[in-house]
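Protein chains: 2
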Amino acid sequence: MTRRATLTDVAGRAGVSVSTASRALHRPGRVSPATTERVQQAADDLGYVPSAAARQVRSGQSGTIALVVPDLTNPFFMALVRGSTRHLRAHDVVQVVADVEEEPRTEEQVVAALAGRVDGIVLAASRLDRAALTGWGRRIPLVVINRDVADAEVPTVTIGTQGVVAAVEHLAAHGHRHVAYAGGPVTSWSDDRRHRAVVETCARLGVRLTALGHHAPRRDAGPAAADAARRTGATALLAYNDLLAFGALDRLAETGVRVPDELSVVGHDDVFGADLTTPALTTVAVPAEDVGARAAAQLLAVLDGGDLPPSDRHVDLPTRLVVRGSSGAAPR
Amino acid sequence: MTRRATLTDVAGRAGVSVSTASRALHRPGRVSPATTERVQQAADDLGYVPSAAARQVRSGQSGTIALVVPDLTNPFFMALVRGSTRHLRAHDVVQVVADVEEEPRTEEQVVAALAGRVDGIVLAASRLDRAALTGWGRRIPLVVINRDVADAEVPTVTIGTQGVVAAVEHLAAHGHRHVAYAGGPVTSWSDDRRHRAVVETCARLGVRLTALGHHAPRRDAGPAAADAARRTGATALLAYNDLLAFGALDRLAETGVRVPDELSVVGHDDVFGADLTTPALTTVAVPAEDVGARAAAQLLAVLDGGDLPPSDRHVDLPTRLVVRGSSGAAPR
DNA sequence: GCTGGACCGACAAACGTTTGCACTTTAGGA
DNA sequence: TCCTAAAGTGCAAACGTTTGTCGGTCCAGC
Chain A
382 MTRRATLTDV
392 AGRAGVSVST
402 ASRALHRPGR
412 VSPATTERVQ
422 QAADDLGYVP
432 SAAARQVRSG
442 QSGTIALVVP
452 DLTNPFFMAL
462 VRGSTRHLRA
472 HDVVQVVADV
482 EEEPRTEEQV
492 VAALAGRVDG
502 IVLAASRLDR
512 AALTGWGRRI
522 PLVVINRDVA
532 DAEVPTVTIG
542 TQGVVAAVEH
552 LAAHGHRHVA
562 YAGGPVTSWS
572 DDRRHRAVVE
582 TCARLGVRLT
592 ALGHHAPRRD
602 AGPAAADAAR
612 RTGATALLAY
622 NDLLAFGALD
632 RLAETGVRVP
642 DELSVVGHDD
652 VFGADLTTPA
662 LTTVAVPAED
672 VGARAAAQLL
682 AVLDGGDLPP
692 SDRHVDLPTR
702 LVVRGSSGAA
712 PR
Chain B
382 MTRRATLTDV
392 AGRAGVSVST
402 ASRALHRPGR
412 VSPATTERVQ
422 QAADDLGYVP
432 SAAARQVRSG
442 QSGTIALVVP
452 DLTNPFFMAL
462 VRGSTRHLRA
472 HDVVQVVADV
482 EEEPRTEEQV
492 VAALAGRVDG
502 IVLAASRLDR
512 AALTGWGRRI
522 PLVVINRDVA
532 DAEVPTVTIG
542 TQGVVAAVEH
552 LAAHGHRHVA
562 YAGGPVTSWS
572 DDRRHRAVVE
582 TCARLGVRLT
592 ALGHHAPRRD
602 AGPAAADAAR
612 RTGATALLAY
622 NDLLAFGALD
632 RLAETGVRVP
642 DELSVVGHDD
652 VFGADLTTPA
662 LTTVAVPAED
672 VGARAAAQLL
682 AVLDGGDLPP
692 SDRHVDLPTR
702 LVVRGSSGAA
712 PR
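Listed in order, the protein sequences are those of chains A and B. Heads up: the first sequence is residues 382 to 713, going by this note's numbering. Heads up: the second sequence is residues 382 to 713, going by this note's numbering.
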């Protein structure tokens, strides 16, 4: 393979002009069957692949959008990616997925690199600050997932707090009077929102709440959270997400703390594996595929020149509690 | 946002020519500091983002490669993606990830759509037939993971059979005389290779082997495999991958079959969650991140005009057995 | 035999960049 | 004062497409 064959090469080999070659390939009926055949043959012989870039430079459209996620190894984002992929494929849009590994610096670089080559960007759980976010919103069509943006023009998809509220109610109903909350990353907007909902619900139900501070949303941060929860004397641990809860379960098993008899554990996201643990994890189910699909849909709507009606600009999808074995009656 | 600002707009606003604007932005020192400053300012004001497509049309390089995987929700491929991402980011190459959902038709379409907009493609566990594969190999730089290709020019990264061989040996050492193998997808080259290795090793050790036929590499295909294994009277089940093993464990727990006392179960890949099950899954660890990274490295080498020395053209990475609780002594 | 139209193909412009070359201005040395 | 060099800037070509427009050929119908 020396050099990619170009349309000029194909035209030359078929003995026609470039424009005829172009039409032969994409405008069925515009050129005679005989010529079309010859051009097709030449294209096949040369292994011709049209350059999307050249096409884009003319049309101004790349037919590509980017989806930026903080951590692809988190099953939650996998599901989100798949939802987005499905929606986009149905609309003939190619999707670029970028994993920024929870690094705001990387995220900034990735967005900058992507901005020039895609028609729009979906940012999931962005760690960028508001200024950066609105700045990019001015440069390129943007949709953000699980973030609010000062600039209300930027469409958002968020997930509701119904699930965590239900989780606290569930614990209260089982006699828990003291709950510990293991928070997510400092820069996480959804942690903030989730935390507030927990605080409010606990206050409403008269349940004591201890905040255990921020944790990386990874399994290896779980053990510390478990230990911290034990120290507070709380009878239930509410974790920012399932990965954290997995890590906590690891640690509790290791130290011989019985779940849920001595400590109830509740996660968030209902990711792959949540039902594999022993006991299976009580958690909050999030329609991750829907989230991805809705975000993709919003971006496509914006790109289709459409101004979204303000009511559709901010979508909040409901979550619900899934009770499994890791939560139960409070120890007396 | 009406229309993306172009370099012409920036130049106009700064009162310079397009070429000067271009140089001011990418050729530090080539234009006077005062002009550079003015151009920068204009670019910021307009929210200018250079069009990667236009650049590509000149250079012929997109600075992008594609990674095509059969199923993004399979944690094994997630890890692979991350390995590739890391390697490529370090080399300033943008990565496009496409999930083809195990569909050869989709895969063909996706490859066709991608071929014109990326510099090269990594195909993981491709379900394409050999003809299609060599055809694309002529059109665009290709690297395939876990496939052989008739055309030895196409670089490959494969994973070894050390792990499954060790698994059979491990079972034999624990007194198992009859093992069942639940195979993967029909079109899967790695299933073929893995199966052969199991057949050989069983023959060598005098262990009876029953092949249970092909299964989708998903958790929901596991229960059928478990039932089939029980019917054969085998004392151990070797599953094509961990997802299948998870599903088998689900079913065995449901039907009250004790693992490993009545049936040993061994998976493959050591994906996220393999240590969460009860009992934890004995499986074969695959250096998935390495696989992704090596494939990316090979593609970059090819793109750098380099002919790979034949010795580097086909990389086979070793696998190893990880013994956990789901395998043990054969029932007597 | 002419006219009109259908059909087919080619020419050239345009998309947003980058870059080789040429031009102008200024400074510095002889 | 003149020459040379260097610095700074602009012109225009080129990348690979797509598409509006135009010209030519062929045939049917009068």
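Don't be surprised by glycine CBs; every beta carbon is placed ideally from N, CA and C.
Interface partners of residue i on chain A, CB under 8 Å
i              : result
L431 (chain B) : The displayed chain sequence assigns Pro, not Leu, to residue 431 (chain B). Result: G497.
L684 (chain B) : Those within 8 Å of L684 (chain B) in chain A number zero; the least Cβ separation is about 11 Å.
Buried or exposed (CB count within 10 angstroms, at least 16 for buried), residue i
i              : result
T636 (chain A) : exposed
V350 (chain B) : Shown here, chain B extends from 382 to 713; a query on residue 350 (chain B) therefore has no answer.
P641 (chain A) : buried
D697 (chain B) : exposed
T582 (chain A) : buried
H407 (chain B) : exposed
A533 (chain A) : exposed
P712 (chain A) : exposed
Among the options, the one whose alpha carbon lies nearest that of residue i
i              : options                        : result
Q442 (chain A) : A:V430, A:T613, A:A479, A:G497 : A:G497
H555 (chain B) : B:A602, B:S645, B:D671, B:R511 : B:S645
T445 (chain B) : B:N455, B:S465, B:P451         : B:S465
T537 (chain B) : B:E418, B:P414, B:I502, B:G565 : B:I502
R467 (chain B) : B:T664, B:D452, B:N455, B:A676 : B:A676
R705 (chain A) : A:V420, A:G648, A:Q421, A:H596 : A:G648
Q590 (chain A) : A:Q422, A:D693, A:A615, A:Y429 : One detail in the question is off: residue 590 (chain A) reads as Leu in this sequence, not Gln. L590 (chain A) has its Cα closest to that of A:A615, out of A:Q422, A:D693, A:A615, A:Y429.
A512 (chain B) : B:C583, B:V535, B:Y429         : B:V535
L684 (chain A) : A:H472, A:P598, A:C583, A:G516 : A:H472
L680 (chain B) : B:P668, B:D693, B:E670         : B:D693
A405 (chain B) : B:V420, B:D601, B:L469         : B:V420
E482 (chain A) : B:L633, B:P485, B:E489, B:R470 : B:R470
G565 (chain A) : A:P712, A:D623, A:A460         : A:D623
D452 (chain A) : A:G603, A:S507, A:R701, A:A386 : A:S507
G594 (chain B) : B:A505, B:A563, B:V491, B:A669 : B:A563
Cα-Cα separation between residue i and residue j, rounded to whole angstroms
i              : j              : result
H695 (chain A) : V560 (chain A) : 32 Å
L523 (chain A) : L509 (chain A) : 13 Å
D651 (chain B) : L427 (chain B) : 50 Å
P431 (chain B) : D480 (chain A) : 22 Å
G709 (chain B) : L662 (chain B) : 11 Å
F457 (chain A) : R577 (chain A) : 22 Å
T417 (chain B) : R384 (chain A) : 36 Å
A617 (chain B) : A547 (chain B) : 14 Å
P414 (chain A) : A402 (chain A) : 12 Å
D656 (chain A) : F653 (chain B) : 13 Å
V549 (chain B) : R574 (chain B) : 15 Å
L388 (chain B) : Y429 (chain B) : 7 Å
H596 (chain B) : L625 (chain A) : 33 Å
W570 (chain A) : N527 (chain A) : 7 Å
A435 (chain B) : A386 (chain A) : 18 Å
Own chain partners of residue i with C-beta closer than 7 Å, once the 5 adjacent residues on each side are dropped
i              : result
A553 (chain B) : L586, V588
S398 (chain A) : A392
V462 (chain B) : L448, V450, V478, G673
M382 (chain A) : The predicted position of M382 (chain A) is uncertain, since its pLDDT is 49 and thus under 50; a value taken from the coordinates is nonetheless stated next. Cβ neighbours of M382 (chain A) beyond the five flanking positions: none.
A531 (chain A) : R511, T515
V499 (chain A) : S443, T445, I446, A447, V477
Listed by chain order, chain A residues near residue i by CB distance under 7 Å
i              : result
G654 (chain B) : F653, G654, L657
R520 (chain B) : G428, V430
L586 (chain B) : Here the premise fails: no neighbours, minimum Cβ distance about 31 Å.
L453 (chain B) : M459, V462, R463
A494 (chain B) : V475
Proximal residues to residue i (C-beta, below 8 Å), its chain only, five neighbours per side dropped
i              : result
T658 (chain A) : F627, L630, S707
D601 (chain A) : G628
R362 (chain A) : Because chain A is modelled from 382 through 713, residue 362 (chain A) falls outside the range shown and cannot be assessed.
Partners in chain B for residue i, counting only beta-carbon separations shorter than 8 Å
i              : result
D714 (chain A) : Here chain A has residues from 382 to 713 only, and residue 714 (chain A) is not among them.
Interface residues of chain A facing residue i [CB-CB closer than 9 Å]
i              : result
A678 (chain B) : None at all; the shortest Cβ gap to chain A is about 18 Å.
Within chain B, partners of residue i - CB distance below 7 Å
i              : result
S443 (chain A) : A434
F627 (chain A) : L657
Chain B residues whose Cβ lies nearer than 9 Å to that of residue i
i              : result
V438 (chain A) : S432, A434, A435, Q437, V438
Cβ neighbours of residue i in the same chain (closer than 6 Å, five flanking residues each side left out)
i              : result
T542 (chain A) : A578
A423 (chain B) : V391, R394, A395
T539 (chain B) : N527, D697
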